[in-house]
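J.: To start, I am sharing the structure in question, which I have written as structure tokens.
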Amino acid sequence: MERSWQEKAECANPARSFASAKPTGAEKFCARPSLIELAENLYPQQVNMAISADERVEDPGRVPFAAGLRARLRVLEGTAASRTAGVALLVVILAFLSIYPLSMLLYGSLHSTPPGMAGVFNLDGYQAVLTRQNLVMLLNTVGISLAKTFPSLVIAVLLAWILARTDTPFRGALEVLVTLPFFIPPILTAMAWGMLGNPQVGLLNQLYQWATGSSNSPINVYSYGGVIWHMMQYSIPFMFLLIVDAFRAMDPSLEEAARMCGASRWRTFRTVTLLLILPALSSAAILSFIRGIENFESPLFFGSPAGIRVITTDIYDSINQRSPPQYQYATAVSFVIMALLLLIVLLQWKLLRGRNFTTVSGKGYSPTVMKLGKWRWATFAFCVLFFAVTVVLPVGQLLIGSFFKFFGFYQWDMLTLEHYRAVFGSSEFWRGFGNTMLLGLAGASLTMVLGGVVAYISVRTKWRGRMLIDVMAWLPWMMPGIVLGVGFLWGFALLPHAIPIYGTIWALLLAYISLGTPLSVQVMSSAYSQLSYDIEECSRVHGASWLQTMRHIMIALAWPSFAVGWVLVFFGIMRELSASVLLYSVGSEVLSVVLLKLWTNGNAEQVSVIGLMMIVLVVLFRWVQLKVIKARISTL
Amino acid sequence: MSNVVLEKVSRNFGKFSAVSGVDLRVNEGEFVTLLGPSGCGKTTTLRMVAGLEQNTGGRISIGDRVVSDAERGLFVPAERRALGMVFQSYAIWPHMTVFDNVAYPLRVRRTPRPDIRARVLEALRLVEMGDYADRPAPALSGGQQQRVAIARALVFEPALLLLDEPLSNLDARLRAQMGAEFRALQKRLQITSLYVTHDQEEAMALSDRIVVMQAGRVLQIGTPEEIYQRPLSQAVATFFGSPNLLPATVVACARLGESQFELSVRGSGWAGVCRAREAAVKDATVLVMVRPENIRLVDRASRDTGGSIILSGRVIDSSFHGARRSVTIDVGGSLMKADLPAMAPLSELVTLNIDERTAWALAS
Ligand SMILES: Nc1ncnc2c1ncn2[C@@H]1O[C@H](COP(=O)(O)OP(=O)(O)OP(=O)(O)O)[C@@H](O)[C@H]1O
Ligand SMILES: [Mg+2]
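Here you go:
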């Protein structure tokens, strides 16, 4: 052994070593990438058990092409010009997805008629915004969002503490159940709660009347309370997801130190635990507050019928419910909501700057778990109750609703399967289903690829233009779906006829990509920033080109995050209503639009059937996602 | 030949200059260590050699090839330099097995498959990890990861091996063992190595030559003995251990050989002879460096052992360290540290003897 290495050392003259960095004749023996190797990067353990490294068979037919392509790519990546071209292309794409609709909005708000029509520039739109009514609307928007954020935060903290820091039984399963409501499209629960809490025929009121014998209906979801309650069902699991890791990953010695100083459990929780996770809490609360302002479904379903106006529904109404549509007013209001959101974001930056205690370190802490004794069944019951109210009740309502002839009349002789027959026989449903799936698959994939590229450039390179790219990818975050919908509506209408996007499924696809990009960038950024630079540089030093490094190291390591982000974006597309309802046209309806149409026509029974189908899909995807996360945790 | 040459290499980050004007020549098969306090630019220097950082000034060549020249705007990226590198964090890719990690440099160079297997297994055997080839990389201990990282860096027989504090994540015992093993391997394979550490003992035990750096500049380059016994400056002297520095005045100067002089000096309450690198004029003030372990205890009676420095003082503190005893002695108002044999009889008043060959004069 020794001798052979000495021999090698002697003949390892630099000329040979440098030559070996270039492609040699040997390369035709090992064409790459092979599927096996690709799969191996994805599933390191499994594949290696089945196939040992030297038993792989290659397809010799592919070699010249692969080698040629590689050579070409290597030439491409080497030049600074190609990098500039790549960045420029990215800038153009992102500008089309964010700056373009934004400038359309600005144009629209200053012009008396929609783009493309004769008109004058004036400030009438903004003047129309400045009314006393709209002040009430603004207060409604902010007030409702505040009113749902704080109770949600308290419950989310409680749930996070129960599931991360106590010995409550079945915590793993409970965590899955408690977060499930977040993934159910809000339009479904909105409709279900519309049926459950209907003041005339709602199931809850019927139960109350049956139980007490009285004839009044205590529950009316068409109210402030209804709007807030519906929003809370999403805010609670949303904030839970954002803060639970902060609870879980805290260094236990920080708390133990407080205990050693004589602080009681409660005092420790108050003075140490809570304060340490305060940054996580406040950023979760601010995010939730922003989502409350952007929320469309809750005020549409429960506010509008009761005359409660918020900004998003006002934009929707002034375009969809008034004739002629008041475009200038709608776009002017859009800027009000964007200004509001910008204000909050600036406030957030100011508030949270420098307050990010890193209690979360790479080390696998196991935080101290509090022994609750008998009380652990109480905390268990609390979690189950939350799940029951937010998932079992609405899904149960959909289930019941789907089997009875008429919504609200629950008698044995009214049982029927006709709604299922009607739905499955309706071409509109299948078209909507097909569109949703197609847009979901394509949209999620494209969004994640775009987000992955943007995140890579902004996190891991020092390329010029990366700030610009980052900001442009982040811009849609400032634009609620309904606002972006308006911007794209005009943007697409104005495109030359050679680019037929307007009124096609492409319009929805582009809007979805734009809406999903900030999320995908965030997911991929955090994935990349967790990978140390060493891991990437090590590959370069050992002879891999940039592309090879991307493929074998960065993508191979970041793909679990990619998958998780993909599912999140897919969920986002499946639930998207506000932009879809503006951008769809006949033939390109998606499921949420089909649902809304049916609901507006009073067909609650078929709504229930379709809703159930969607819930099955949601559970399926969530299950896959959890599997992926688990697989990641066990491999890394 | 795979020698590395750095000529006036500098690196600025904005206005801050992390490395400035480093000149260094690493010969073939040599083990050279960059040593210096935290933030002195060791990693930056190493990364410039690796091609992970571009030097803003100067020229770097590996072998006969210039790989980076700031003036001509020439820069060969890391993957074209054919180097091996061991990172401080090891950078073992967690999604691959041990085998795949080590095979990576060969695969990206499109080595034939049977070759890959043979060479990877041989590299793993070399670091005594032959049995672990099929382990998933995360299931390794720190020391094992380090071996894999070395195997990966060696597997394609690089012209030059770069190591950035490869031992700093290991515990003290493992560090010594791995260090010795690596040095043996390096000698056997004759790999030119550039090594970064801030641990002086590690540097001295492993290196052929040491480059002492401070604040981005090279203070001294030399063999461990040279740097330890004949430092160029006070900064280098105090970087290794805590020597006694006795102020003294030059009485006479005599040439001994090339850059080797003998000075007769007089301190406060003592006089004697010491060595120096440069000649000094009469009445110049110098600092005489005396390492604690070079101080011996002598009988009062045998005072005149010609040529040596003799001091006497009072023991004010002493602590036992097993093999030796650390003693603090008050010599005419200034404190001296001495490492004496643990069993040496110690009275309150002691006489100390310092061999002139171990006393080294520094410009003060
Ligand atoms: N990308 C960078 N931008 C700005 N300054 C940098 C950058 N990289 C390094 N520096 C600075 O250059 C100096 C030298 O850094 P370097 O990492 O080379 O130190 P080092 O000698 O390796 O220290 P250590 O022993 O702590 O690893 C430091 O002051 C560091 O802050
Ligand atoms: Mg360093």
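Here the protein sequences come in this chain order: V and E.
Read left to right, the first sequence gives residues 1 to 636 (this note's numbering).
Read left to right, the second sequence gives residues 1001 to 1364 (this note's numbering).
Virtual Cβ for every residue (Gly too), placed ideally from N, Cα, C.
It should be emphasised that the depicted structure is a prediction, and the values quoted were computed from it without experimental measurement.
1) Using 10 angstroms around the beta-carbon of residue 1202(E), count the other beta-carbons present and answer buried if the total reaches 16, otherwise exposed.
2) Using C-beta distances below 6 angstroms, list every residue in its chain close to residue 589(V), excluding the 5 sequence neighbours before and after it, in chain order.
3) Taking the alpha carbon of residue 1213(E) as the reference point, which residue from 1239(E), 1205(E) and 1189(E) has its own alpha carbon closest?
4) In chain E, which residues lie less than 9 angstroms from residue 540(V) when you measure between Cβ atoms?
5) Identify every run of the alpha helix (DSSP H) within the segment 468 to 522 of chain V, keeping only runs that are complete inside it and at least 4 residues long; order them along the chain.
6) Taking 7 angstroms as the CB-CB limit, is residue 1105(E) close to chain V?
7) Return yes when the C-beta of residue 1321(E) is under 6 angstroms from any heavy atom of ligand 4, and no when it is not.
8) How big is the Cα-Cα spacing for residue 271(V) and residue 575(V)?
9) Chain E partners of residue 561(V), CB-CB under 8 angstroms?
10) Beta strand (DSSP E) containing residue 1263(E): first to last residue?
11) Figure out for me which residue from 1299(E), 1334(E), 1006(E) and 1346(E) has the closest Cα to the Cα of residue 1319(E).
12) Which one or two residues does DSSP pair with residue 1136(E) in a beta bridge?
13) Since residue 1337(E) contacts residue 1268(E) with CB under 8 angstroms, what's their CB separation in whole angstroms?
14) Just to make sure I have the definition right: I need the residues of chain E whose C-beta is within less than 7 angstroms of the C-beta of residue 545(V). Which are they?
15) Judging by CA-CA distance, which residue of 209(V), 212(V), 544(V) and 227(V) is the nearest neighbour of residue 191(V)?
16) Does residue 1271(E) come within less than 7 angstroms of chain V when only Cβ atoms are used?
17) Does any residue of chain E bring its CB to less than 7 angstroms from the CB of residue 548(V)?
18) With 7 angstroms set as the bound, which would you pick, yes or no: does the beta-carbon of residue 664(V) sit closer than that to a beta-carbon of chain E?
19) How about residue 207(V) and residue 178(V): are their beta carbons less than 7 angstroms apart?
20) To be precise: take each residue of the segment 525 to 536 of chain V, compare its Cβ to all Cβ atoms of chain E, and keep it if any distance is under 8 angstroms. Which residues remain?
21) By the criterion of Cβ-Cβ separation under 7 angstroms, what are the contact partners of residue 553(V) in chain E?
22) Could you check what DSSP says for residue 1043(E) in three-state terms: helix, strand or coil?
23) Assign residue 311(V) to buried or exposed, taking buried as 16 or more other Cβ atoms, counted over all protein chains shown, within 10 Å of its Cβ.
24) Any chance you could list the alpha helix (DSSP H) runs of at least 4 consecutive residues sitting entirely within the segment 1048 to 1114 of chain E, in chain order?
25) At what residues does the beta strand (DSSP E) containing residue 1369(E) begin and finish?
26) Counting only beta-carbon separations shorter than 7 angstroms, does residue 1089(E) have a partner in chain V?
27) Rank 1294(E), 1317(E) and 1349(E) by C-alpha distance to the C-alpha of residue 1341(E) and give the top, closest one.
28) Measuring alpha carbon to alpha carbon, tell me which residue in 1322(E), 1179(E), 1254(E) and 1154(E) is nearest residue 1204(E).
29) Would you verify that the beta carbon of residue 38(V) is, or is not, closer than 7 angstroms to some beta carbon of chain E?
30) With a CB to CB cut of under 6 angstroms and the five nearest residues on each side skipped, what residues in its chain are close to residue 491(V)?
31) Based on Cα-Cα distance, which residue from 1007(E), 1061(E), 1198(E) and 1054(E) lies nearest to residue 1042(E)?
32) Residue 1237(E) and residue 1362(E) look like a contact to me (Cβ under 8 angstroms); what is the Cβ gap, rounded to whole Å?
33) Less than 7 angstroms between CB atoms is the rule here; does residue 1109(E) satisfy it with respect to chain V?
34) Per the DSSP calculation, residue 1329(E) is bridged to which residue(s)?
35) Using a Cβ-Cβ cut-off of 6 angstroms (strictly less than) and excluding sequence neighbours within five positions of residue 199(V), which residues of its own chain qualify?
T.: Taking the definition as stated:
1) In the second sequence, counting from the first residue as 1, residue 1202(E) sits at position 202. So residue 1202(E) counts as buried.
2) Locating residue 589(V) in the first sequence gives position 589, where the first residue counts as 1. Here the set comprises 432.
3) Locating residue 1213(E) in the second sequence gives position 213, counting from the first residue. Closest by alpha carbon: 1239(E).
4) In the first sequence, the residue the question calls residue 540(V) occupies position 540. Within chain E, the residues near residue 540(V) are 1050, 1051, 1052, 1077, 1078 and 1079.
5) 481 to 494
6) Position 105 of the second sequence, counted from the first residue, corresponds to residue 1105(E). Output row for residue 1105(E): interface = yes.
7) Within the structure as shown, ligand 4 is missing, the only ligands being ligand 1 and ligand 2.
8) Locating residue 271(V) in the first sequence gives position 271, counting from the first residue. Locating residue 575(V) in the first sequence gives position 575, counting from the first residue. Going from the Cα of residue 271(V) to the Cα of residue 575(V) covers about 40 angstroms.
9) As a working note, residue 561(V) is residue 561 in the first sequence. Correct list: empty, because the minimum Cβ distance to chain E is about 13 angstroms.
10) In the second sequence, counting from the first residue as 1, residue 1263(E) sits at position 263. Start and end: 1260 to 1267.
11) Reading the second sequence from its first residue, position 319 is the one you call residue 1319(E). Here the closest residue by C-alpha is 1346(E).
12) Here residue 1136(E) refers to the residue found at position 136 of the second sequence. Bridge partners of residue 1136(E): 1097(E).
13) For this step, residue 1337(E) is matched to residue 337 along the second sequence. For this step, residue 1268(E) is matched to residue 268 along the second sequence. Their Cβ separation, rounded to whole angstroms, is 17 angstroms, which puts residue 1337(E) and residue 1268(E) out of contact at 8 angstroms.
14) Here the question's residue 545(V) lines up with position 545 in the first sequence. Near residue 545(V) (Cβ distances below 7 angstroms), the residues of chain E are 1079.
15) Position 191 of the first sequence, counting from 1, holds the residue named residue 191(V). Out of 209(V), 212(V), 544(V) and 227(V), 227(V) has the C-alpha closest to the C-alpha of residue 191(V).
16) Here the question's residue 1271(E) lines up with position 271 in the second sequence. Chain V, which has no Cβ nearer than 7 angstroms to the Cβ of residue 1271(E), makes this no.
17) The count along the first sequence starts at 1 and reaches residue 548(V) at position 548. Yes, residue 548(V) lies at the interface with chain E (some Cβ there is under 7 angstroms from its Cβ).
18) Outside the displayed range of chain V (1 to 636) lies residue 664(V), so it cannot be described from this structure.
19) Locating residue 207(V) in the first sequence gives position 207, where the first residue counts as 1. Locating residue 178(V) in the first sequence gives position 178, where the first residue counts as 1. In this structure, residue 178(V) does not lie closer than 7 angstroms to residue 207(V) by Cβ.
20) 532, 534 and 535
21) Stepping through the first sequence from its first residue, residue 553(V) is reached at position 553. By Cβ distance, chain E contributes 1093.
22) Position 43 of the second sequence, counted from the first residue, corresponds to residue 1043(E). Residue state, collapsed to three classes: helix.
23) Working through the first sequence from its first residue, we reach residue 311(V) at position 311. Buried: at least 16 other Cβ atoms inside 10 Å.
24) 1098 to 1108
25) The requested residue 1369(E) is not part of the displayed model; chain E covers only 1001 to 1364.
26) The residue you call residue 1089(E) lines up with position 89 of the second sequence. Chain V contact via Cβ: present.
27) The count along the second sequence starts at 1 and reaches residue 1341(E) at position 341. With distances taken between Cα atoms, residue 1341(E) lies closest to 1294(E).
28) Here residue 1204(E) corresponds to residue number 204 of the second sequence, with the count starting at 1. When each option's Cα is compared against that of residue 1204(E), the closest is 1179(E).
29) Residue 38(V) sits at position 38 when you count from the first residue of the first sequence. Residue confidence for residue 38(V) is low, a pLDDT of 31 falling below 50, so the modelled location carries little weight and cannot support an answer.
30) If you number the first sequence from 1, residue 491(V) lands on position 491. Here the set comprises 100, 101 and 104.
31) Residue mapping note: residue 1042(E) aligns to position 42 of the second sequence, counting from 1. Of the listed residues, the one whose Cα sits closest to residue 1042(E) is 1198(E).
32) For the purposes of this step, residue 1237(E) is taken as residue 237 along the second sequence, with counting starting at 1. For the purposes of this step, residue 1362(E) is taken as residue 362 along the second sequence, with counting starting at 1. Contact holds; Cβ gap of about 6 angstroms.
33) As a working mapping, residue 1109(E) is identified with position 109 in the second sequence. Chain V contact via Cβ: present.
34) Your numbering for residue 1329(E) matches position 329 in the second sequence. 1315(E) and 1336(E), per the DSSP bridge assignment.
35) Taking the first residue of the first sequence as 1, we reach residue 199(V) at position 199. Counting only Cβ-Cβ distances below 6 angstroms, and skipping sequence neighbours, we find 217 and 220.
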